[in-house]
Every structure is written in C-alpha cells, then in structure tokens.
Amino acid sequence: MTFFLVLMVLVLFFTVHFTVVNRLYYLLRERSLKKSLYWTFASLLSVPLLLVSFAFEIAPLNAVCLYYTTFIFLLFFITLFYMLVFSIGYLKGRKKLELSLVFLTLFLYVSYGMVNANRFVVKEVHLESAKVHSPVTFVQLTDTHIGSKSPAYFDKLMEEVNTLEKDFVVITGDLIDMPHIQFNDLKALNTISVPVFFVMGNHDVMARMSPDFFKASRVMVLNNEKAVFNEDLDITGINFYDPDNAFETRKVEDLINHIDLDNSKFNLALNHEPIQLQPVIDREMDLQVSGHTHSGQIFPFNYVVKLRYDYLYGLFKLSEHTQLYVSSGAGVWGPNMRVGSKNEIVLFKIKPKNR
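So in this note's numbering, the last spot in the sequence shown is 426, and the numbers never skip.
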C-alpha cells in the first residue's frame, strides 16, 4: 500500500512539474523536451523531502515543502487554465501575454490568500432543542494552529471571543502546531471568564502537547470523558488519536461505550475530525462539533479534501437525533493563505423548542 501511494505521488508530481516547466519553456520561445525533463526530474527531489519531513515530523522542512508544493500546484492549475484560454481564437500564439497573465494571476492569488488568512469572522449557528429549558450559547474555536499562526494572532482571537455573550467555550483541537509553543504563549485563554473545554487534535499530538500544558489555566481537557455543564447539557470529549502517533486512530465506539449518557439532556460531542460518526449517531448525541478540514483552505484544494471527508464544512443533519457542525477553523496549516474559505469563530445559539 505504501509503495503504491509513493508511486502515485511521484507520478502526480512528475505530471505537474513537467506540464508547468514545458509550458514555460514554450512561452519563453525556448521549447526543449530535454530541458523540461531535466528540470522535472530535478524538481522530483521535493517528493522524498516531503515524505521525510512528515515521517520524522521535521517542522521547518514541513513548512518549506508545503509552501513549495502549494505554489507548484497553483502554478499548474493556472498554467492549465491559460493553456485552454490561449488555444482559441485571436489569443492563440500570444505567448508574452499568456506568460504575463500566468505570473500576474499567481501573484494576485497568493497576495489575496495571505491577506485573507489574517482575517476572521464570527459565524452564528442557530439551533432548537426540546431538551434545553433556557437558551444556551457557546463558542467553538478550532484549528488555531499557533506556531503556524503567531501568539499575537491568538490574542486577537481571544479579544473577539471575550466580546461575545456565551455560557462556555469549546476548543476542538489543533490549538498548537509546534513543540516550542507553551501555555505562556496562549495565556490570553485565562481572560475567558466562562468554562473552557478542550479536546486534542492531530497537530496537538504531533507537537507533543504535555498533559500539564493547561496546568496554569482553567481549561478542562476531555479525554474520552463527559463533563456535566448544567441540568440541561452534558459535554463529551472524544480523542481517538494514538498518543504516540497522530496518524493512527482508535475506534470511537470503544472509546465512548463506557460513558453513561443521559439522553434526556442535550448531549454535545467534541471531536477534532468529522469521521467515525456512527457511534455518535447510535448513542443519539444531539450535536457534534468538529474542525480539521479547514473547508479546504485554498481553492481548488477543497476538492481534494472532499475526497477524504464527506462533511467538509457547515451544518449537517446525520439522523433524526444527531447534527454535525464542521468549522473551517480559525487558523491555517502550511502556507499562510486562505482562498475560497474564511477563518471563523463559531457562536452557537440553542433555544428551547416547544415540546
């Protein structure tokens, strides 16, 4: 399986690099198959570097490889688009114009993406439930990726969270990205006056987040356990990651079977990834909130993410009893860019439903 995966990656990278390099040589009026193949094979060195960086979790190398991979794929899509446009009518053969537009489009695309990655919005989600007797309001924060994003950016998020009326806050994973990030970098969490509940994400595991990380805070870590919030609502935190390997996951069914759920109350489930949902449906939990997908983060890569995750972004009805909300997250991973998606803080408002 691993061999075929590596082979597929090599074929994909070869196709992308060859298409880009060959077209650029053509536009520079220096079409040369030999030169195109030379630069393509040289560029394929990025593949083993990419695989090594992920296998050994080398953060700086990860960043370099991800930026390079993103830009070469964006250049590939832009090149293909203009190849089609300039193959018709009076535009055919206008090489200088095509070359200029390719790089102008890439520049504008990246510039917009980098500006957009430093903005965030507050998204309101309105729900009704017969299980709550008075309105419940809570904030979901997920995928802040501090390390990729700065502690100063996190401070701005906390300032916004503190302006919102809420009963509690949930953080559904990928709070940090890098092992050097400590709670002192996130001390703005202590400015939140309501209870804060946290579940681990895969990047928290990869960053070797210590069990004592939140020792100097009021944050409650839910590791496959339930917290009673009030007489109407319970919160269950699900962490299915292997503590030693974030790429290995455990069965949610085995992790939550021991939890005694009171189905007369509103049961809120926290899980970083929107997968393994059947056990949550079977236990008739009312709402699961997740993140991880970033809503694809950068168009058109959202279509690639959609191949892996059925639920990419938004509110979904999974069954008569259970709904799922997948947030686009409040930060970014890899390139500091967002195109076709937004950083968000989610404000949930649950009001009583007439019985």
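Cβ coordinates follow ideal geometry from the N, Cα and C atoms, glycine included.
Straight-line gap, residue i to residue j (C-alpha atoms, nearest Å)
{"i": "Thr296", "j": "Lys377", "result": "For clarity, residue 296 is Glu in the given sequence; the question names Thr instead. About 30 angstroms."}
{"i": "Lys413", "j": "Ser366", "result": "8 angstroms"}
{"i": "Val87", "j": "Phe337", "result": "49 angstroms"}
{"i": "Pro206", "j": "Asp245", "result": "29 angstroms"}
{"i": "Phe428", "j": "Lys194", "result": "As displayed, the chain neither begins before 72 nor continues past 426, which places residue 428 out of reach and without an answer."}
{"i": "Ala259", "j": "Pro266", "result": "14 angstroms"}
{"i": "Leu326", "j": "Asn334", "result": "18 angstroms"}
{"i": "Asp214", "j": "Leu99", "result": "42 angstroms"}
{"i": "Met72", "j": "Met79", "result": "Any reading at Met72 is ruled out, since the residue's pLDDT is 47, under 50, leaving its predicted position unreliable."}
{"i": "Tyr139", "j": "Asn261", "result": "37 angstroms"}
{"i": "Thr176", "j": "Thr141", "result": "15 angstroms"}
{"i": "Asn273", "j": "Gly400", "result": "14 angstroms"}
{"i": "Phe174", "j": "Asn373", "result": "22 angstroms"}
{"i": "Val92", "j": "Val186", "result": "28 angstroms"}
{"i": "Leu162", "j": "Arg94", "result": "16 angstroms"}
{"i": "Ala223", "j": "Phe318", "result": "29 angstroms"}
{"i": "Gln211", "j": "Asp313", "result": "24 angstroms"}
{"i": "Phe89", "j": "Ser182", "result": "25 angstroms"}
{"i": "Ser221", "j": "Asn425", "result": "45 angstroms"}
{"i": "Cys136", "j": "Leu146", "result": "15 angstroms"}
Coarse secondary structure for residue i, derived from DSSP in three states
{"i": "Ile217", "result": "strand"}
{"i": "Glu391", "result": "coil"}
{"i": "Glu344", "result": "coil"}
{"i": "Asn301", "result": "coil"}
{"i": "Tyr153", "result": "helix"}
{"i": "Gly184", "result": "helix"}
{"i": "Met291", "result": "strand"}
{"i": "Ile306", "result": "strand"}
{"i": "Gln349", "result": "helix"}
{"i": "Tyr380", "result": "coil"}
{"i": "Asp238", "result": "coil"}
{"i": "Asp275", "result": "helix"}
{"i": "Asn338", "result": "strand"}
{"i": "Pro282", "result": "coil"}
{"i": "Asp256", "result": "helix"}
{"i": "Asp226", "result": "helix"}
{"i": "Met72", "result": "Because Met72 sits at a pLDDT of 47, beneath the cut-off of 50, its placement in the model cannot be relied upon, and the point is left open."}
Local Cβ density within 10 Å of residue i, reported as buried at 16 or more and exposed below that
{"i": "Tyr153", "result": "buried"}
{"i": "Met356", "result": "buried"}
{"i": "Pro371", "result": "exposed"}
{"i": "Ile159", "result": "exposed"}
{"i": "Met271", "result": "buried"}
{"i": "His343", "result": "buried"}
{"i": "Thr150", "result": "buried"}
{"i": "Leu179", "result": "exposed"}
{"i": "Gln359", "result": "buried"}
{"i": "Ser398", "result": "buried"}
{"i": "Leu228", "result": "buried"}
{"i": "Glu282", "result": "Note that residue 282 is Pro in the sequence shown, not Glu. Classification for Pro282: exposed."}
{"i": "Phe75", "result": "exposed"}
{"i": "Arg379", "result": "exposed"}
Beta-ladder partner(s) of residue i, from DSSP
{"i": "Val397", "result": "Ser361, Gly385"}
{"i": "Pro423", "result": "Ser200"}
{"i": "Lys166", "result": "Looking at the DSSP assignment, Lys166 forms no beta bridge with any residue, so it has no partner."}
{"i": "Glu415", "result": "Val192"}
{"i": "Thr262", "result": "Partner(s): none; Thr262 has no beta bridge."}
{"i": "Gln211", "result": "Val241, Val417"}
{"i": "Glu50", "result": "Within the shown structure, residues of the chain are numbered from 72 to 426, placing residue 50 beyond reach of any answer."}
{"i": "Phe372", "result": "Answer is none; Phe372 lacks a bridge partner."}
{"i": "Asn328", "result": "For Asn328, which the question treats as bridged, DSSP gives no partner whatsoever."}
{"i": "Ile247", "result": "Ile217"}
{"i": "Val91", "result": "For Val91, which the question treats as bridged, DSSP gives no partner whatsoever."}
{"i": "Tyr139", "result": "The partner list for Tyr139 (beta bridge, DSSP) is empty, contrary to what the question assumes."}
Best match in the options for proximity to residue i [C-alpha to C-alpha]
{"i": "Glu415", "options": "Asn316, Phe225, Ala317", "result": "Phe225"}
{"i": "Leu198", "options": "Leu395, Ser399, Phe300", "result": "Leu395"}
{"i": "Asn189", "options": "Asn342, His216, Val292", "result": "His216"}
{"i": "Phe157", "options": "Pro423, Glu169, Leu146", "result": "Glu169"}
{"i": "Ile242", "options": "Asn294, Phe178, Met277", "result": "Asn294"}
{"i": "Phe209", "options": "Val203, Val232, Lys237", "result": "Lys237"}
{"i": "Asn328", "options": "Val351, Pro345, Leu341", "result": "Val351"}
{"i": "Ser219", "options": "Met408, Leu155, Ala287, Pro423", "result": "Met408"}
{"i": "Tyr382", "options": "Thr141, Gly362, Leu146", "result": "Gly362"}
{"i": "Val403", "options": "Arg379, Leu389, Glu231, Thr364", "result": "Thr364"}
{"i": "Gln349", "options": "Leu332, Phe112, Phe148, Lys322", "result": "Lys322"}
{"i": "Ile263", "options": "Gly308, Pro250, Arg289", "result": "Arg289"}
{"i": "Tyr97", "options": "Leu155, Asp256, Val240, Lys166", "result": "Lys166"}
{"i": "Thr234", "options": "Thr307, Gln253, Val417", "result": "Val417"}
heavy atom of the ligand FAD below 8 angstroms from residue i C-beta
{"i": "Gln349", "result": "Because no ligand of any kind appears in the structure shown, any question about the ligand FAD cannot be addressed here."}
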